[in-house]
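Quick notes on the structure that follows.
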Amino acid sequence: MPDAAVFTVDRAKKISFWSPGAEKLLGYAAQALRGESCLTANRCIQCMRGCGLTESGKVTAFPLQLQRDDGQLQGVIKYAMAFQAVDGSFDGGLEILLPQRAADARPAASDMAEKYGLISHAPEMYKVFEMIRRVANTDMPVLIRGDSGTGKELVARAIHGESARHKAPFVAINCATLNAGILESELFGHVKGAFTGAVRDHQGLFGRAEGGTLLLDEIAELPIALQARLLRVLESGEYLPVGADKPLLANVRILAATHKALREEVKAGRFRQDLLYRLRVIPLFIPPLNARKQDIPLIIRHLLKQQFSDDRLPVVSSAAMQQLMTYDWPGNVRELRNVMHYALVMCDGKQIEVTDLPTELQATQQATPNMATVSTGRKTLSETEILQALAASDGNLTQAAKQLGVGRTTLWRYRKLWQDQT
334 MPDAAVFTVD
344 RAKKISFWSP
354 GAEKLLGYAA
364 QALRGESCLT
374 ANRCIQCMRG
384 CGLTESGKVT
394 AFPLQLQRDD
404 GQLQGVIKYA
414 MAFQAVDGSF
424 DGGLEILLPQ
434 RAADARPAAS
444 DMAEKYGLIS
454 HAPEMYKVFE
464 MIRRVANTDM
474 PVLIRGDSGT
484 GKELVARAIH
494 GESARHKAPF
504 VAINCATLNA
514 GILESELFGH
524 VKGAFTGAVR
534 DHQGLFGRAE
544 GGTLLLDEIA
554 ELPIALQARL
564 LRVLESGEYL
574 PVGADKPLLA
584 NVRILAATHK
594 ALREEVKAGR
604 FRQDLLYRLR
614 VIPLFIPPLN
624 ARKQDIPLII
634 RHLLKQQFSD
644 DRLPVVSSAA
654 MQQLMTYDWP
664 GNVRELRNVM
674 HYALVMCDGK
684 QIEVTDLPTE
694 LQATQQATPN
704 MATVSTGRKT
714 LSETEILQAL
724 AASDGNLTQA
734 AKQLGVGRTT
744 LWRYRKLWQD
754 QT
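Going from the sequence shown to the working numbering is simple: count from 1 and add 333.
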């Protein structure tokens, strides 16, 4: 579960979405906060004095000490971004709260965004950024694993860009796009006369990547016969062009990427176990977008700024952003990029509404609180009673418990039981 908290507010600054990460960070249950003032969960002097959602469309960041539901203080860095209606009025906003320890990685995140297009303020991605920095200083093979659309090639380019090889070529090949015969020649090259049609020497990818980095994307699709050839290259540091008699030195850093579980491919007999061990010296996992939804508005803004100047930048309505935050994103960042391209075609150029999104996103529904009740045998409380008491006490569990005529611990147990039932 992500450490970062993300929540949205409507135009009245009432909480409309409260992520699981927010529950973990501050202790407030989503059901208790939905529809409440954002001040209920943002208990701090700065928020009482003024709202951080001031510059529409721009992300502001500032440190805060927030009070958790248990009364303890939590240091965070708050990122606040307002949504703007077509008439310029406030139309809701989104806030991201990073625990202070995660916020310490912001400079690296900013660097990765500017250099390589890796947009994230999620703690899970900070770990990826730190791994990139560390593995860039070695020449060991790295196996990058992540779902389709998570940005595996971007991570590979970042590893190359941060390494001592950054001035040499970065070469990538998708192993799923070529048949076995062509792939061997593409990887290792061939000499004149090696086969019919080989009228001249051909430099393969290993030769073109000389001194630099070679990314073997979709490595699970590499034919078994070529897996043996690649294994020999990794073991000996040499490769043999097709039809050649003399091997050539492979002065190349090897990176591999896949969306598949290679251990399962080994069990199925489709991938060599010894090659897996050679490639997996340093494993690096990229989390899917649905595990770091706090990045969605940042990525959207980055995508929009790639196509529009600041004075022509379209805005995303609060309702549309709500749908984008709720959707599960099986296609990850690639799907988000395609959705935004679609929305820009469908919108009027000024504001993206829910109706401008693809049908599957328009159908996305948030879970709505049901009217479940819980009972421990002595007293029955409904969700409505619990939420009303929490609202009347401004989220203070002790005061709410007193109003309901139960102890604080009992109310906490009621709320936990209600959550389990619903």
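The C-beta atom is built at its ideal place from N, Cα and C for all residues, glycine as well.
(request) Using a Cβ-Cβ cut-off of 7 Å, state whether Asp472 counts as contacting chain C. (result) The displayed structure is made up of one protein chain only, and chain C is not part of it.
(request) Report the three-state DSSP secondary structure of Thr529 (helix, strand or coil). (result) Looking at Thr529 - three-state DSSP - the assignment turns out to be coil, as it is neither helix nor strand.
(message) Going by the DSSP bridge assignment, what does Ala601 pair with across the sheet?
(response) Answer is none; Ala601 lacks a bridge partner.
(request) With Tyr660 as the anchor, note down where its alpha helix (DSSP H) starts and where it stops. (result) Tyr660 -> no alpha helix (DSSP H), and no H or E assigned at all.
(request) Return the CA-CA distance between Lys411 and Tyr361, expressed in angstroms with no decimal places. (result) Here the alpha carbon of Lys411 sits roughly 17 Å from the alpha carbon of Tyr361.
(request) Name the residue from Gly425, Ile615, Asp689 whose alpha carbon lies nearest to the alpha carbon of Phe340. (result) Of the listed residues, the one whose Cα sits closest to Phe340 is Gly425.
(message) Just verifying my parser: in three-state terms, what is the DSSP assignment at Pro432?
(response) In this structure, Pro432 counts as strand in the three-state DSSP scheme.
(request) On the DSSP bridge assignment, give the partners of Ser370 in chain order. (result) Paired residue(s): Lys347.
(request) Taking Lys485 and Ile477 to be in contact with their CB atoms under 8 Å, please state how far apart those CB atoms are, rounded to whole angstroms. (result) Confirmed, Cβ separation roughly 5 Å.
(message) As a quick exercise: from Glu686, Leu487, Ala653, pick the residue whose alpha carbon is nearest that of Tyr449.
(response) Selection Glu686, Leu487, Ala653 evaluated against Tyr449 yields Leu487 as nearest (Cα-Cα).
(message) Nearest by alpha-carbon distance to Glu543: which of Phe423, Thr510, Arg586, Gly404 is it?
(response) Nearest C-alpha to Glu543: Arg586.
(message) Going by C-alpha to C-alpha distance, which of Pro432, Gly421, Arg596, Pro616 sits closest to Leu406?
(response) When Pro432, Gly421, Arg596, Pro616 are compared, the shortest CA-CA separation from Leu406 is found for Pro432.
(message) Tell me the DSSP secondary structure of Glu686 in three-state form.
(response) In the structure shown, Glu686 sits in coil (DSSP, three-state: anything other than H, G, I, E or B).
(message) Assuming the contact rule is C-beta atoms closer than 8 Å, Leu555 and Gly537 should be a hit. Round their C-beta distance to whole Å, please.
(response) That pair is no contact at about 14 Å.
(request) Measure how close the beta-carbons of Met445 and Leu617 come, nearest whole angstrom, since I'm counting them as under 8 Å. (result) The Cβ separation is near 14 Å, so there is no contact.
(request) List the whole-angstrom C-beta distance separating Phe604 from Ala553, where the pair is believed to meet the contact cut-off of C-beta under 8 Å. (result) About 6 Å; that satisfies the 8 Å criterion.
(request) Would you decide whether Leu595 is buried or exposed? Buried here means 16 or more other CB atoms lie within 10 Å of its CB. (result) Counting the other CB atoms within 10 Å of its CB gives Leu595 a total of 16 or more, which places it among the buried residues.
(message) At the level of alpha carbons, what is the spacing between Leu358 and Lys600?
(response) About 40 Å.
(request) Might you give, ordered along the chain, the residues of its own chain that have their beta carbon closer than 6 Å to the beta carbon of Ala589, omitting 5 neighbours on each side? (result) Excluding sequence neighbours, Ala589 sits near Leu476, Leu549, Ile552, Leu612.
(message) Please report the straight-line C-alpha distance between Asp343 and Glu693, rounded to a whole angstrom.
(response) Roughly 23 Å between the two C-alpha positions.
(request) For Ala696, count neighbouring Cβ atoms within 10 angstroms of its own Cβ and tell me buried if that reaches 16, exposed if not. (result) Per the 10 Å Cβ criterion, exposed.
(message) If we require 3 or more residues per run, which beta strand (DSSP E) segments fall completely within the region 404-430?
(response) As far as the region 404-430 is concerned, its whole beta strand (DSSP E) runs of at least 3 residues are 406-417.
(request) Sort out for me which residues DSSP pairs Val649 with in a bridge. (result) In the DSSP output, where bridge partners are listed per residue, Val649 has Ile685.
(request) Using only alpha-carbon positions, find the residue among Ile619, Thr471, Thr483, Glu517 that is nearest to Asn665. (result) Measuring from the Cα of Asn665, the nearest candidate turns out to be Thr483.
(message) Beta-carbon within less than 6 Å of Leu563's beta-carbon, same chain only, minus the 5 sequence neighbours each way: which residues are those?
(response) Closer than 6 Å at the Cβ level, and outside the excluded window around Leu563, lies no residue.
(request) Starting from Val614, trace the alpha helix (DSSP H) both ways and give me its first and last residue. (result) No alpha helix (DSSP H) holds Val614; DSSP gives it neither H nor E.
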